[in-house]
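Residue numbers (the numbering used here), protein chains in the order written: chain A, 4 to 455; chain B, 4 to 455.
What follows is one structure encoded as structure tokens, with my remarks underneath.
Protein chains: 2
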Amino acid sequence: MAEIAQERAAKQLRLLEQAIDSGRLGPVKRLVNTLSPAEIGNLLESLPPAKRQVVWGVVDPEDDGEVLVHVGDEVREDLLRAMDPDEIVAAAESLDIDDLADLLDDLPDTVIDELLRSMDRVDRERLEQMLTYDEDTAGRLMNPDVVTVRADVTVDVVLRYLRLRGELPEATDHLYVLSRRRQYQGRISLAQLLTADPAVAVNRLIDDEQPGIPADMPAPEVAERFANHDWVSAPVVDENNVLLGRITIDDVVDIIREQAEHQAMGAAGLDEDADLFAPVPRTTRRRAVWLGINLLTAFLASWVIGNFEGVLKQVVACAVLMPIVASMGGVAGTQVLTLMVRAMALGQVSASNAVLLLKREVLVALANGVLWACAVGGIALLVYRDAWLALAFGAAMVINLIAAAMSGVFLPLLLRRLGIDPALAGGVILTTVTDCCGFASFLGLSTLLLLR
Amino acid sequence: MAEIAQERAAKQLRLLEQAIDSGRLGPVKRLVNTLSPAEIGNLLESLPPAKRQVVWGVVDPEDDGEVLVHVGDEVREDLLRAMDPDEIVAAAESLDIDDLADLLDDLPDTVIDELLRSMDRVDRERLEQMLTYDEDTAGRLMNPDVVTVRADVTVDVVLRYLRLRGELPEATDHLYVLSRRRQYQGRISLAQLLTADPAVAVNRLIDDEQPGIPADMPAPEVAERFANHDWVSAPVVDENNVLLGRITIDDVVDIIREQAEHQAMGAAGLDEDADLFAPVPRTTRRRAVWLGINLLTAFLASWVIGNFEGVLKQVVACAVLMPIVASMGGVAGTQVLTLMVRAMALGQVSASNAVLLLKREVLVALANGVLWACAVGGIALLVYRDAWLALAFGAAMVINLIAAAMSGVFLPLLLRRLGIDPALAGGVILTTVTDCCGFASFLGLSTLLLLR
């Protein structure tokens with residue numbers, strides 16, 4: 004993100020902290036209520052629990068629901084804990100149905116019951132229908148509030164209908180044209196309605212190029228379609244092509260941002276929904292899991308080294324140089340892995356492609372291996388004046404870079420076949436491979452060449 | 004990205020490769036021309052150069068311009084090289100001005116001259132004005148094609164004007180209300196025009212809550228505003244609040260995706276605009292730079308080890324165990340760094356916050372350090388039956404995890420102050436610190452405790 008966007012949010016945070024520290028609620032309140040719910044959510048996530056509750060107390064109750072939608076799961080639980088059931092019901096009632104469906108899992112059962120009772124029948128049925136779809140599918144992202152028209156009327160009729168109807172749902176850019184059985188037939192843009200001859204029939208203007216999105220389509224696939232076709236909104240349909248609702252681009256923007264965060268955080272074994280200020284014992288437990296996994300892989304590499312105690316005892320230079328071989332392999336492999344993960348995410352990898360990429364990467368690794376083998380071999384020769392050691396060092400470098408390239412290509416393909424996200428698990432496994440291979444090749448060659 | 008989105012693109016790629024291999028252009032052409040320009044761009048990026056040229060040859064000339072906008076810089080150069088100047092001019096002429104401004108830097112000078120000559124005066128002046136703004140600012144993202152109205156007319160007048168005007172620019176959701184001096188005063192949505200009483204004056208409906216975006220605002224900041232306020236489009240103004248153009252959400256979606264890619268690729272020292280199938284020598288040179296940087300840091304860690312040859316000669320177990328200490332520090336530090344980089348990108352870090360986070364992270368590191376120190380110390384005791392070695396191993400683990408937590412918090416703050424993006428450079432520096440600290444603390448303590 005840009006320097007300036009950071010600075011702006013950081014400045015809001017600084018001003019807010021000063022206002023809280025001054026002990027007067029008036030300035031805090033004034034500051035908070037100039038911000039959008041997304042910005043307030045971001046600020047709440049930045050504050051330690053005590054200050055967070057102070058700020059949460061002054062947020063305009065009308066914004067409460069929207070703010071809850073915009074914070075991570077853990078901070079949300081923290082905020083909900085401070086509200087009494089009536090407040091939660093009031094906050095939830097102010098939300099659009101798609102946002103409400105998003106929030107519902109985190110609400111206490113008693114609140115959910117009361118909320119359902121307070122809704123009118125149509126909204127309740129719509130909500131219940133949305134909840135039949137899995138989280139992170141089109142059916143849960145959609146908003147059932149849609150304006151529809153019939154194909155056999157004229158533009159003039161539509162214009163009069165809209166004027167009678169009044170306000171349109173937010174981000175409405177198209178009306179959807181339905182058959183008598185509520186099946187989706189196409190769309191007509193507001194811009195067309197404004198510029199067309201009022202006497203023209205709707206079916207002359209209908210755009211049937213945008214297909215309906217099946218309600219069970221996964222959210223990332225929905226995002227991909229929006230991005231590829233520059234859509235602002237898209238209709239959601241059931242298996243019989245009956246219109247269920249509409250997904251708007253603002254939800255898609257949120258998906259894309261969350262995906263990017265999930266990958267960046269997940270690659271380091273972190274949960275993007277965790278509270279920055281979660282209690283220390285909880286954070287310790289969470290981090291311990293990842294450290295434990297890594298410890299196992301580190302012991303594996305260590306066991307490899309342990310098999311070469313002979314050469315390590317006699318040639319101390321081996322212990323000094325071996326981390327260099329392992330580390331260069333890790334870096335080279337991570338580059339190939341990153342490239343592959345991205346290409347796979349974009350669907351740019353096919354069987355014939357993978358073979359080509361493997362060939363290219365092995366060639367690149369060979370070229371770089373020889374280059375850096377000469378460099379590090381030369382340095383080792385200068386420092387230790389031992390040609391056999393320099394040779395073992397250089398040769399191990401070439402071997403490990405090639406092994407790194409091969410694992411960088413194969414590992415993500417293998418992980419995907421096993422149903423594991425290579426973006427999350429690939430790094431740990433790859434460095435285990437390059438560590439073990441680096442230690443084994445260098446210490447093995449050293450044993451052969453130096454202990455003759 | 005979702006399994007399914009990948010599979011869909013990968014399936015298109017497979018079908019396309021089969022069609023190319025069959026040697027008949029008909030099926031290739033039919034397949035390609037069912038796809039959107041973004042999808043075609045993605046496919047072209049997935050193909051090795053020879054096949055890429057075959058597919059590029061059958062793309063509908065009408066789509067050429069849009070496809071060129073959707074591929075990375077290096078593939079774009081490759082595609083442009085295969086076109087003659089007339090084709091390039093024709094492709095460029097089909098583009099909106101904002102896309103054309105994006106493409107212009109990559110075109111040969113002779114083509115640019117011809118292109119400017121072929122444009123009408125208004126468009127040429129608009130393009131020249133856009134080019135006065137830096138790349139990746141609002142002024143380069145905007146499209147000058149905007150529908151404006153005056154505040155003192157009635158809705159009915161606007162409706163008649165729109166009907167006379169005909170088609171509106173793509174993704175038009177609001178008309179902008181200007182003063183006599185073309186200063187931006189507010190906006191009015193198409194939905195309002197459709198639902199309002201035609202006799203009402205525009206100034207009664209005007210929404211002045213969305214401020215104009217200054218033309219020099221950096222692109223990531225623009226994206227942040229769109230995401231925080233759920234905008235579909237936003238007006239761009241100069242320093243005198245005169246309306247220059249309009250940014251639409253589809254460009255913002257591209258920015259957000261590019262940012263995420265830039266961070267993921269940049270952290271591994273890769274350029275997201277590089278061609279997957281660039282010639283091997285070029286790729287080798289590029290990768291060599293990153294490996295060279297890493298080699299320097301690896302030699303630094305190696306030099307640290309070299310200072311403890313005494314203990315390594317006498318206690319071979321030290322060589323076996325030392326990578327474990329270094330690696331655990333690297334993992335723990337990367338977790339803290341990732342967390343900090345994300346919090347900083349969201350503007351969630353202030354001075355008082357950073358102190359709190361440091362305290363928390365050091366406490367978490369201490370708790371995890373003691374936990375894993377007992378575990379690894381116990382294992383070392385079992386394997387080597389040497390209490391002093393186990394003590395040195397455990398203590399070094401605690402020290403290195405605490406050092407990792409402190410560098411994880413301080414390093415990104417320091418890098419940002421130096422104007423370096425911590426997301427790109429942080430990882431290399433952090434692991435250098437944890438490697439050196441891990442080796443020094445373990446080998447140092449071992450020297451003290453074991454060589455008495």
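Glycine residues also receive a C-beta, built at the ideal position from the N, C-alpha and C atoms.
Distance from B/Gly429 to B/Glu364 at the Cβ level is roughly 15 Å; contact not present, criterion being Cβ atoms closer than 8 Å. Only those residues of the stretch 171 to 186 of chain A whose C-beta falls short of 7 Å from the nearest C-beta of chain B are listed: Leu171, Ala174, Thr175, Asp176. For A/Thr450, the CB contacts under 8 Å within the same chain, skipping 5 residues up- and downstream, are Phe311, Gly313, Val314 in chain order. In this model, B/Ala322 and B/Val386 are separated by some 14 Å (Cα to Cα). In the DSSP assignment, the residues bridged to A/Arg153 are A/Leu181.
If only uninterrupted alpha helix (DSSP H) runs of at least 4 residues are considered, those enclosed by the stretch 374 to 426 of chain B are 390 to 420. Per DSSP, the beta-bridge partners of A/Arg190 are A/Tyr179, A/Asp210.
Listed in chain order, the beta strand (DSSP E) runs fully inside the stretch 234 to 317 of chain B are 236 to 240, 246 to 251, counting runs of at least 3 residues. About 4 Å separates the CB atoms of B/Leu404 and B/Gly372; that is less than 8 Å, so the two are in contact. Taking a cut-off of 8 Å on C-beta distances, the stretch 282 to 293 of chain A does not touch the stretch 389 to 399 of chain A, as fewer than three cross pairs fall below it. Per DSSP, reduced to three states, the secondary structure at A/Pro221 is strand.
Contact check for B/Leu247 against B/Ala218 passes: the beta carbons are separated by less than 8 Å. In this structure, DSSP gives A/Ala204 an extended state, which the three-state scheme calls strand. In this structure, A/Gln56 keeps its C-beta atom at 8 Å or more from the C-beta atom of A/Ala93. In this structure A/Asp102 is not in contact with A/Val125, their Cβ atoms being roughly 17 Å apart against a cut-off of 8 Å. Residue B/Ala320 holds the alpha-carbon nearest to the alpha-carbon of B/Arg388 among B/Ala408, B/Ala320, B/Pro172.
Residues of the stretch 327 to 339 of chain B whose Cβ lies closer than 7 Å to any Cβ of chain A, in chain order: Ile327, Ser330, Met331, Val334, Ala335, Thr337, Gln338. Each residue's CA atom was taken as its position, placing B/Ser182 and B/Ala154 some 7 Å apart.
Taken in chain order, the unbroken stretches of alpha helix (DSSP H) that lie wholly in the stretch 37 to 61 of chain A and span 4 residues or more are 40 to 49, 52 to 61. For B/Gly332, the enclosing alpha helix (DSSP H) covers residues 319 to 348.
For A/Ala95, the closest of A/Arg455, A/Gly68, A/Asp112 by C-alpha to C-alpha distance is A/Gly68.
When 7 Å is used as the limit between beta carbons, B/His232 is near these residues of chain A: Ser39, in chain order. Annotation for A/Arg455: no alpha helix (DSSP H) segment contains it, and DSSP assigns it neither H nor E. Look at A/Thr135 here: in three-state DSSP terms it is coil, with no helix or strand label. Taking a cut-off of 8 Å for Cβ pairs, the stretch 327 to 347 of chain A and the stretch 233 to 245 of chain B do not touch, as fewer than three such pairs fall below it. Neighbours of B/Glu20 across chain A, judged by C-beta separation under 7 Å: Ser353, Ser355. The residue from A/Ala104, A/Ile100, A/Glu117, A/Arg79 with its alpha-carbon nearest to that of A/Asp89 is A/Glu117. Around the beta-carbon of B/Trp306, fewer than 16 other beta-carbon atoms lie within 10 Å, marking it exposed. Proximity of A/Trp59 to chain B, defined by a Cβ-Cβ separation below 8 Å, is not satisfied. One alpha carbon belongs to B/Asp211, the other to A/Val70, and they sit about 23 Å apart. Taking the C-beta atoms as reference points, A/Val158 is found nearer than 8 Å to A/Val205. For B/Ser449, the nearest beta carbon of chain A is not closer than 8 Å to its own beta carbon.
Residue environment analysis places B/Asn36 among the exposed positions, since fewer than 16 neighbouring C-beta atoms fall within 10 angstroms of its C-beta. Counting along the chain, A/Val72 sits inside the alpha helix (DSSP H) bounded by residues 64 to 72.
In this structure A/Cys440 is buried. Its beta-carbon is surrounded by 16 or more other beta-carbon atoms within 10 angstroms.
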